[in-house]
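Notes for the one structure printed next.
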Amino acid sequence: MNNQPVLEIRGVNKTIRGKKIIQDLSFEVYPGEVFGFLGPNGAGKTTLIRMIVGLMKMNKGDIVIHGQSIQKSFEGAIKHVGAIVENPEMYKFLSGQNNLVHYARMFPGGIPQSRIDEVVELVGLKNRIKEKVKTYSLGMRQRLGVAQALLHRPSLLILDEPTNGLDPAGIRELRDYLRRLAREEGIAIVVSSHLLSEMELMCDRVAIIQQGKLVDVQDLRGEGAAPKETSYFFEVNDPATAQAVVQEIDPHLHVTPHPNGIELTIGRERAADIGALLIQAGLRLYAMKPLTQSLEDKFLQITGSDQIA
Ligand SMILES: Nc1ncnc2c1ncn2[C@@H]1O[C@H](COP(=O)(O)OP(=O)(O)O)[C@@H](O)[C@H]1O
Ligand SMILES: [Mg+2]
1 MNNQPVLEIR GVNKTIRGKK IIQDLSFEVY PGEVFGFLGP NGAGKTTLIR MIVGLMKMNK
61 GDIVIHGQSI QKSFEGAIKH VGAIVENPEM YKFLSGQNNL VHYARMFPGG IPQSRIDEVV
121 ELVGLKNRIK EKVKTYSLGM RQRLGVAQAL LHRPSLLILD EPTNGLDPAG IRELRDYLRR
181 LAREEGIAIV VSSHLLSEME LMCDRVAIIQ QGKLVDVQDL RGEGAAPKET SYFFEVNDPA
241 TAQAVVQEID PHLHVTPHPN GIELTIGRER AADIGALLIQ AGLRLYAMKP LTQSLEDKFL
301 QITGSDQIA
């Protein structure tokens, strides 16, 4: 991610009737990544999305899309964005194809048929596109909405709670083609959800939002995902000997003794070495596990277990 961000949220604040809905939010989204807004209901995800697409003004801060401020140059910024905020408006008695043609006409300068064919292919609706939308499943309507949002070749696609109402197969489909869109087309995709499990499967990174504040941005893939140094727990038959062995190898290493093992703050490779040395020293090594706090632990800590549906 050495390239320029597609979306920059810079110190954004929103107050509605004296209530702080969004507070000092700042983070960036890059090309080719699927980025999640994760937070319980009422956290402010939709409000933030509405501000990004210009449906609502902010009180303080700025939102920058491809280097253009949505406050100072709205047209220049918004032309890069495709979004589904509320349910996409579809004409049920028209075919998917005709819905897209109708929508394409609204763009100044128009959109060529070849682009319509392209987006239909992209979201995998090719063999049903001539049929009426009323015969579509929810998942297919969702995909038609995405096709519509992609018509003008946005480099930022924003979907608010896109999995709502989809069955597990539909969710999986959505996940697969969103990831493909990000990978193959280099589009930055923002999705919001209150469900951690979905975000873990769908996103490269997530911003955890609670009561309008940014709790954390977590990297779920790639290099940033694995912490370089973490705590490792070595479960052994004789913790006192294990501690002595480790201190002989490296007197500077801090060892935390436990009744059934020892804990060390070290990297992955080093942990493997130490495991081998403990065995060489004649100890029984029953287990070796990283003690990082998982995203789930963190999310539960923040939101309370009642929020995980
Ligand atoms: N137009 C509005 N007027 C008053 N309060 C609002 C308005 N829009 C959102 N809110 C409040 O802002 C908070 C965040 O809402 P929302 O952005 O919809 O959260 P989320 O999408 O994360 O569930 C909620 O407390 C909600 O009641
Ligand atoms: Mg919402």
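Anchor point for the sequence shown: position 81 equals 81 in full-length UniProt numbering, and the numbering is continuous, going up by one each time. For every residue, glycine included, the Cβ atom is placed at its ideal position computed from N, Cα and C. Small disclaimer: the values here were computed from a predicted structure and weren't measured.
Other residues of its chain near residue i: CB distance less than 6 Å, five sequence neighbours each side excluded
i: A287; result: E235
i: D160; result: T46, I49, V85, S192
i: V206; result: G36, L38, M199, Q218
i: I52; result: I63
Beta strand (DSSP E) segment containing residue i, residue limits
i: K45; result: Element bounds for K45: not the beta strand (DSSP E) but the alpha helix (DSSP H), 45–52.
i: V255; result: 255–258
i: R205; result: 205–210
i: R10; result: 7–16
i: E200; result: Note, E200: premise wrong, no beta strand (DSSP E); alpha helix (DSSP H) at 196–202.
i: I21; result: 19–29
i: Y232; result: 230–236
Between the CA atoms of residue j and residue i - distance to the nearest angstrom
i: M202; j: E173; result: 11 Å
i: G61; j: N13; result: 6 Å
i: P5; j: P31; result: 7 Å
i: K213; j: A43; result: 8 Å
i: M140; j: R128; result: 9 Å
i: L291; j: I266; result: 11 Å
i: K132; j: D167; result: 21 Å
i: G261; j: L295; result: 25 Å
i: A242; j: P40; result: 44 Å
i: V215; j: R268; result: 27 Å
i: L151; j: V123; result: 11 Å
i: L278; j: I63; result: 53 Å
i: M1; j: K57; result: With a pLDDT of 49 at M1, under the threshold of 50, the modelled position of this residue cannot be trusted, and the question is left open.
i: L125; j: R10; result: 37 Å
i: Q23; j: T135; result: 43 Å
i: I308; j: E200; result: Note that I308 scores 40 on pLDDT, short of 50, meaning its location in the model is unreliable and no value can be drawn from it.
i: G54; j: I78; result: 8 Å
i: A149; j: L220; result: 26 Å
i: L285; j: F233; result: 11 Å
i: L94; j: Y177; result: 24 Å
i: S305; j: Q218; result: Here the model assigns S305 a pLDDT of 49, short of 50, so the residue's position is not dependable, and the following value carries that caveat. Approximately 19 Å, taken between the alpha carbons.
i: K20; j: Y91; result: 37 Å
i: V246; j: S231; result: 15 Å
Residue range of the alpha helix (DSSP H) that includes residue i
i: Q280; result: 268–280
i: T135; result: From DSSP, T135 is part of no alpha helix (DSSP H); its letter is neither H nor E.
i: G96; result: 96–104
i: G82; result: Counting along the chain, G82 falls outside any alpha helix (DSSP H), though it belongs to the beta strand (DSSP E) covering 81–84.
i: G76; result: 74–78
i: S114; result: 113–122
i: I249; result: 239–249
Sequence-distant residues of its chain with Cβ nearer than 7 Å to residue i (five each side left out)
i: T163; result: I171, L174, S193, E198
i: D238; result: L283
i: R115; result: L151
i: L138; result: G165, L166, G170
i: A272; result: none
Residues of its chain near residue i, where Cβ-Cβ distance is below 8 Å and the 5 sequence neighbours each way are ignored
i: N59; result: N13, K14, T15
- prompt: Do the region 71–84 and the region 11–28 touch if we need at least three Cβ pairs shorter than 8 Å?
  reply: Taking one beta carbon from each stretch, the region 71–84 and the region 11–28 have fewer than 3 pairs nearer than 8 Å; the two do not touch.
Residues proximal to ligand 1 by C-beta, any heavy atom closer than 5 Å: Contact residues of ligand 1 (beta-carbon closer than 5 Å to any heavy atom; chain order) are I16, I21, N41, G42, A43, G44, K45, T46, T47.
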